[in-house]
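K.L.:
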Amino acid sequence: MNTRLFVGLIALCGSGNAFAQTLADTLQARMLDEVKVRSQRSTIERLPKVSGTYLWSGKKSEVISLENVDANMAERTPRQIFAKVPGVFVYDMDGSGNQTNFSTRGLDPHRSWEFNIRADGIITNSDMYGYPASHFNLPMEAVGRIELVRGTGALQYGAQFGGMLNYVIKRPDTTRDFSIESINSIGSYGLLSTYNAIGGKVGKLEYYAFYSKRVSDGYRENSASNYDAQGVVLKYLPCANFTLRAELLRSNYLYQLPGPLTDAMFSADPRQSTRSRSYYNPEIYVPSLSADWKIGQQTRLSWTVSSVLGDRRSVLYDRTANIPDTINHSTFQYNGRQVDNDNFNSYTTELRLLQGYSLLGQNSLLVLGAQYINNDLHRQQQGKGTTGSDFDMSISAAGWGRD
């Protein structure tokens, strides 16, 4: 009985081996060549030689594509955004992310006032030749790229010594009638930020609108910030060679100023504050209307009308760091604060013509342009304010100390 079983197993195994040997291997071995993928993603590019009615051939320029930049966009940290641009000097005066202070070698970066600051090619400096600080601030989530022109190439924008800095707003998704974008961030020290935008193309009309809101308690004591901005961009293309564009932009923020510190105070506790009743509040509107007309193969005309309207308001207990803001023992109240208000009414129109021509077999371009600016800055300063602790622009009956 055992012998038969053993023989049967041998026969079965033998038949299995014989069957396996009859199957042919149809798979062929092949050695594949290696594949190398080489590419370069550059965050800094150059402006084209010609765009619209502007010439940049041979000019020193940089273009920062923000989609390729690793930076804190919610707090618009400038040292990260401009990190790869040679010679740029930026500083953050308060850590709130509300204000960009930009310059290049040897120039004062305070509120970027050495530069011609633009948004979609529209001037945003509060008063170009009187008080050229740029109090208007776009949310970085709304910006697609930043264009920088330095040297003599910037003279076609104006007489600002540093050059031109242009924040180009994102374009909508023109393949859809409607699209929505939402970017929300939270962070340390009470940071809450939201950016929401809609856009699309309906017929011959492109549209893009955004709303941004950011609040923060701040790194230092008594350094709370409340920022909001809105914008609407409409672009109408009635035909292939004519474009009409209308924009309305607004930025506003209220920042609580924590006050100055002495070296000893900073060494002991850099987060402490010496003021709790000081506030700063610029609110700026930038409306504009522009037209671009390609008259012929070698002729192009552009015209822009814009304005910068708004106020820069502040309520301060303006004393040095070693003078505390305390209760006055004779009145049992705080001392009165200083109130200042600057009202901006700046109007600009620009007309530019680009003409191509051929001379001695050489194709060339000629640009002619004219710019007219009317600035009306009304400064009201040194008003005697209240003894309260909130943001209050009220002044005493004595009026303004300087008007």
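Going by the working numbering, the sequence shown opens with residue 1063, and the numbers climb by one from there.
Note that CB positions come from ideal geometry on N, CA and C, so glycine has one too.
The structure displayed is predicted, hence computed values, not measured ones.
If we call anything under 8 Å between Cβ atoms a contact, is Asp-1238 one with Val-1125?
P.N.:
The sequence shown places Arg at residue 1238, rather than the Asp named in the question. No. Outside cutoff.
K.L.:
Just grab the DSSP bridge partners of Thr-1305 for me.
P.N.:
Asp-1354
K.L.:
With a threshold of 16 other CB atoms inside 10 Å of the CB of Asn-1064, please say whether the residue is buried or exposed.
P.N.:
Any answer about Asn-1064 is weak, because its pLDDT of 45 lies below 50 and its placement is not dependable; what the coordinates show is given next. Exposed: under 16 other Cβ atoms inside 10 Å.
K.L.:
Give every residue of the same chain whose Cβ lies closer than 6 Å to the Cβ of Thr-1448, excluding the five residues on either side of it in the sequence, and list them in chain order.
P.N.:
Excluding residues within five positions, the ones whose Cβ falls inside 6 Å are Asp-1454 and Ser-1456.
K.L.:
Count the other C-beta atoms from every protein chain shown that fall within 10 angstroms of the C-beta of Ser-1077, then say buried if there are 16 or more, exposed otherwise.
P.N.:
In this predicted model, Ser-1077 has a pLDDT of only 44, less than 50, meaning its place in the structure is not dependable; the value taken from the coordinates is given anyway. It is exposed - the Cβ of Ser-1077 has fewer than 16 other Cβ atoms within 10 Å.
K.L.:
Within 10 angstroms of its Cβ, does Glu-1176 collect 16 or more other Cβ (buried), or is it exposed?
P.N.:
Residue environment: Glu-1176 is assigned as buried (16 or more neighbouring CB atoms within 10 Å of its CB, all protein chains considered).
K.L.:
List the DSSP bridge partners of Glu-1412.
P.N.:
Thr-1366 and Gln-1433
K.L.:
When DSSP labels each residue in this structure, what does Val-1325 get in the three-state scheme?
P.N.:
It should be pointed out that residue 1325 corresponds to Asp in this sequence rather than to Val. Residue state, collapsed to three classes: helix.
K.L.:
Out of curiosity, what's the CA-to-CA distance linking Trp-1355 and Asn-1303?
P.N.:
6 Å
K.L.:
What do you get for Gly-1166, buried or exposed, if any count of 16 or more other CB atoms within 10 angstroms of its CB means buried?
P.N.:
With the sequence shown as reference, residue 1166 is identified as Thr, and Gly is not the correct amino acid for it. Buried: at least 16 other Cβ atoms inside 10 Å.
K.L.:
Please list the terminal residues of the continuous alpha helix (DSSP H) segment that includes Ile-1385.
P.N.:
Ile-1385 -> no alpha helix (DSSP H), and no H or E assigned at all.
K.L.:
Thinking C-beta only, is Arg-1173 closer than 8 Å to Ala-1195?
P.N.:
yes
K.L.:
Please say whether Ile-1231 and Ser-1204 have beta carbons closer to each other than 8 Å?
P.N.:
The amino acid occupying residue 1204 in the given sequence is Ala; Ser does not appear at that position. Cβ distance < 8 Å, so Ala-1204 and Ile-1231 count as in contact.
K.L.:
Give me the residue from Gln-1318, Pro-1349 and Asn-1343 with the minimum Cα distance to Arg-1337.
P.N.:
Gln-1318
K.L.:
Report, in whole angstroms, the separation of the C-beta atoms of Met-1155 and Met-1202, which I expect to be a contact under 8 Å.
P.N.:
That pair is no contact at about 17 Å.
K.L.:
Between Asn-1343 and the rest of its own chain, which residues show a CB-CB distance below 6 Å, the 5 nearest in sequence each way excluded?
P.N.:
Leu-1316 and Arg-1375
K.L.:
Just to confirm the assignment, what range does the alpha helix (DSSP H) spanning Ile-1143 have?
P.N.:
Per DSSP, Ile-1143 belongs to the alpha helix (DSSP H) from 1140-1143.
K.L.:
If you measure between the beta carbons of Ser-1364 and Arg-1414, is that distance less than 8 Å?
P.N.:
Contact flag set, yes.
K.L.:
How many angstroms separate the CA atom of Thr-1105 from the CA atom of Ile-1143?
P.N.:
Separation of Thr-1105 and Ile-1143 (C-alpha to C-alpha, rounded to the nearest whole angstrom) is 10 Å.
K.L.:
Could you please give the first and the last residue of the uninterrupted beta strand (DSSP E) stretch that includes Thr-1166?
P.N.:
1163-1166 is the span of the beta strand (DSSP E), which, as asked, contains Thr-1166.
K.L.:
Taking only runs that begin and end inside the stretch 1090-1142, name each unbroken beta strand (DSSP E) of 3 or more residues, in chain order.
P.N.:
1122-1127
K.L.:
Count the other CB atoms, across all protein chains shown, that sit within 10 Å of the CB of Gln-1442; report buried if there are 16 or more and exposed otherwise.
P.N.:
buried
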